[in-house]
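Working notes for the structure below.
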Amino acid sequence: MSPLAESHASGRKILVTGASGYVGGRLVRHLLSLDFAVRVMVRDKNKISGQPWFNRVEISQGNANDFTSVKSALTGIHTAFYLLHSINLGPNFDELEAEMARNFARAAAEAGVKQIVYLGGIANDKQISQHLESRANTGRQLASGSVPVIEMRAGIIIGSGSASFEMLRHLTHRLPVMTTPKWVSNRTQPIAIRDVLWYLSSAAALKTPVSGIFDIGGPAVLSYADMMQMFAKISGLRRRWIIKVPVLSPALSSLWIGLVTPVPTALARPLVQSLISEVVADPAKSISGLIAPPPEGLLQVDKAIELALSLTTQNQVESRWSDATQPTAPWQKAQSDPDWAGETIYRDHREKIVETSAKNLWKSVEQIGGDNGWYGADFLWWARGILDRAFGGVGLRRGRRSPDSLRVGDSLDFWRVEKLETGRALKLYAEMILPGKAWLEFTIEDVVVDGVAMRKISQDATFSPRGLGGQLYWFAVSPFHVLIFPRMLANLVRSSNRKDYADSQFKGQ
């Protein structure tokens, strides 16, 4: 624990909004390690039930647009972290962000909050994108209330699983030669996620409330092209050929990024638009007078990249950009409707009775997707992912956080883990572009057949169509289901049997 936190953490209750997101999820764990009492505000607590800190925090369910639920979440709070973002919610996301911030500021004042801490983006360049301008305006709206606001502005955050990190990593790894817009020569001042967490948590331990805008950046300023070359060198790859051309607009660049990286076009577009600005900290806005750097110093860019790549390789990614639930169409939601809701439901049901051990059946279920594949007909899944990307969806390349384990709220290619009962049930909700709502569910039950203990594994693909278009869609894809789903279940069982065989061989040695 830092001396700063040791002196002032006692008795303070902290609220973290955006706890299901990349920074928020890590901040919660970091604050708990410093002995702060933490409350999180989420729309649905089920979305964070798989987090290792789930049982160590207070949970307040509510919507950031609802004043009553926001005020309830803020009641009794000393410091509130505002980490909410509406970047993917359409062309008017800036208006939505401003409204949420005003609502939060008013609720914080009425609830008696002492300090608001907000993480925004560095916006010192004369030419800034709608995304960065909205981030700056969010800070202004939060500061329009009576509660003191510390606005920390950061550039690219380097850490395993961050959207910017994943975008640059995949571009570098997959493209030995790339044509890029002129913005690759723009300067940026990246900062390691470790150092962002240091500044944020230290703000929660200040003796007295503070107001102000503070830039936080790492120790080096470099171009985006320099950073890509650094990625390549650390990864053991040859130097990349970067050809700058004047014709690639942010829109075209984001389409290209959507094709070759896991970051979907909808998220890539505002990120790319932000790259037209030079994102360099202003010394006049330095935070060092308020909060000293970490005792060990700020992490150098190459060391931050090396650490992030190492954690990615070792499958120790704590949180990812895709952890936050993706916005869905107005008729979609991430929880299944009750059976009595009266909706038309189409279902493809498959089941098998097997002698395979329950342990290895579950292991095969939990390993589905990502680099592990979908147990056959992967080319059809790949084609569906390409189609989804073409219509602005997330596609398959989001992958998975870990190759071997899942938790509720994890993204899994174009699915989201909605329900997980270890050893028994896995339910995935579709976040692909669809005229309706879809789920894929696996359940494992112990059964007795002719006096022999066996297992029944069930696989259900469920679809709730929206209107005639949704019904036509189901019948159009049904022939592909005949190719995909029987093979998926059969190969899943074969994978489990191979695990059983490997276990028996190991025990026999």
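Residue numbering for the sequence shown follows UniProt numbering, beginning at 1 and increasing consecutively. No residue lacks a Cβ here, since even glycine has one placed at the ideal position from N, Cα and C.
Separation of SER504 from LYS303, as counted between CA atoms: Here residue 303 corresponds to residue number 303 of the sequence shown, with the count starting at 1. Here residue 504 corresponds to residue number 504 of the sequence shown, with the count starting at 1. Whole-angstrom Cα-Cα distance: 43 Å.
Residues that residue 517 bridges to, as DSSP identifies them: Within the shown structure, residues of the chain are numbered from 1 to 509, placing residue 517 beyond reach of any answer.
Where the beta strand (DSSP E) through ILE150 begins and ends: What you label residue 150 is simply residue 150 of the sequence shown in a count that begins at 1. From DSSP, the beta strand (DSSP E) with ILE150 extends over 149-154.
Same chain, Cβ closer than 6 Å to SER464, five either side skipped, listed in chain order: Within the sequence shown, residue 464 is the residue found at index 464, counting from 1. Hits under 6 Å: GLU343, ILE345, GLY436, LYS437.
Backbone secondary structure at LEU299 - three-state DSSP: Counting from 1 along the sequence shown, the entry for residue 299 is found at position 299. LEU299 falls in the coil class under three-state DSSP.
Within 7 Å, strictly: CB atoms of ASP125 and GLU278: In the sequence shown, residue 125 corresponds to position 125, counting from 1. In the sequence shown, residue 278 corresponds to position 278, counting from 1. Yes. Within cutoff.
GLU351 burial status per 10 Å Cβ neighbour count (16 or more: buried): Within the sequence shown, residue 351 is the residue found at index 351, counting from 1. So GLU351 counts as exposed.
Segment limits, alpha helix (DSSP H) that includes SER69: On the sequence shown, residue 69 is found 69 positions in, with the first residue counted as 1. Per DSSP, SER69 belongs to the alpha helix (DSSP H) from 67-74.
For VAL196, the first and last residue of its enclosing beta strand (DSSP E): In the sequence shown, residue 196 corresponds to position 196, counting from 1. Not the beta strand (DSSP E): VAL196 falls in the alpha helix (DSSP H), residues 193-203.
Minimum C-alpha distance to ILE122 - residue among ALA205, GLY11, ALA154, LEU406: In the sequence shown, counting from the first residue as 1, residue 122 sits at position 122. For the residues ALA205, GLY11, ALA154, LEU406, the minimum Cα distance to ILE122 belongs to ALA154.
4 or more residues per run - each alpha helix (DSSP H) lying fully within the stretch 372-438: Taking only runs of at least 4 residues, the alpha helix (DSSP H) segments lying wholly in the stretch 372-438 are 378-390.
Residue(s) in a DSSP beta bridge with ALA37: As a working mapping, residue 37 is identified with position 37 in the sequence shown. According to DSSP, which records beta bridges pairwise, ALA37 is partnered with LYS13.
Beta-carbon separation (whole angstroms), ARG187 vs SER223, contact threshold 8 Å: In the sequence shown, counting from the first residue as 1, residue 187 sits at position 187. In the sequence shown, counting from the first residue as 1, residue 223 sits at position 223. So it is a contact: roughly 6 Å between Cβ atoms.
Contact set for ASN497: own chain, Cβ-Cβ below 7 Å, skip 5 residues either direction: Here residue 497 corresponds to residue number 497 of the sequence shown, with the count starting at 1. Taken in chain order, the residues that qualify are THR356.
N- and C-terminal bounds of the beta strand (DSSP E) containing ARG102: Numbered from its first residue, the sequence shown carries residue 102 at position 102. Premise fails: ARG102 lies in the alpha helix (DSSP H), 93-111, not in any beta strand (DSSP E).
Residues of its chain near GLN300, where Cβ-Cβ distance is below 8 Å and the 5 sequence neighbours each way are ignored: As a first step, residue 300 is located in the sequence shown; it is residue number 300 there, counting from the start. Closer than 8 Å at Cβ, skipping near neighbours: GLY218, PRO219, ALA220.
Environment of ILE353 [buried if 16+ CB atoms lie within 10 Å]: Against the sequence shown, residue 353 aligns to sequence position 353. ILE353 should be labelled exposed.
Terminal residues of the beta strand (DSSP E) in which ALA232 lies: Walking along the sequence shown from the start, residue 232 turns up at place 232. Per DSSP, ALA232 belongs to no beta strand (DSSP E); it is in the alpha helix (DSSP H), 224-234.
Reduced DSSP secondary structure (H/G/I, E/B, other) of GLN505: Position 505 of the sequence shown, counted from the start, is the residue given in the question as residue 505. If DSSP states are grouped into helix, strand and coil, GLN505 belongs with the helices.
Inter-stretch contact at 8 Å, needing at least 3 Cβ pairs: the stretch 47-60 / the stretch 77-85: no
Per-residue DSSP class, three states only, for ASP44: Within the sequence shown, the letter at position 44 stands for residue 44. ASP44: coil per DSSP, three-state reduction.
Contact set for VAL113: own chain, Cβ-Cβ below 6 Å, skip 5 residues either direction: Locating residue 113 in the sequence shown gives position 113, counting from the first residue. Only LEU74, ILE77, ALA80, VAL147 meet the Cβ criterion.
Strand pairing of THR179, partner residues [DSSP]: Within the sequence shown, the letter at position 179 stands for residue 179. Answer by DSSP bridge pairing, in chain order: ILE243.
CB-CB length for ILE444 against ALA502, believed under 8 Å: Taking the sequence shown and counting its residues from 1, the one referred to as residue 444 is at position 444. Taking the sequence shown and counting its residues from 1, the one referred to as residue 502 is at position 502. Going by Cβ atoms, the distance from ILE444 to ALA502 rounds to 19 Å, so no, they are not a contact pair.
Neighbourhood of PRO420 by C-beta distance below 7 Å, restricted to the same chain and skipping five residues each side: Here the question's residue 420 lines up with position 420 in the sequence shown. It should be pointed out that residue 420 corresponds to Leu in this sequence rather than to Pro. Closer than 7 Å at Cβ, skipping near neighbours: GLY50, LEU406, ARG407, VAL408, LEU426.
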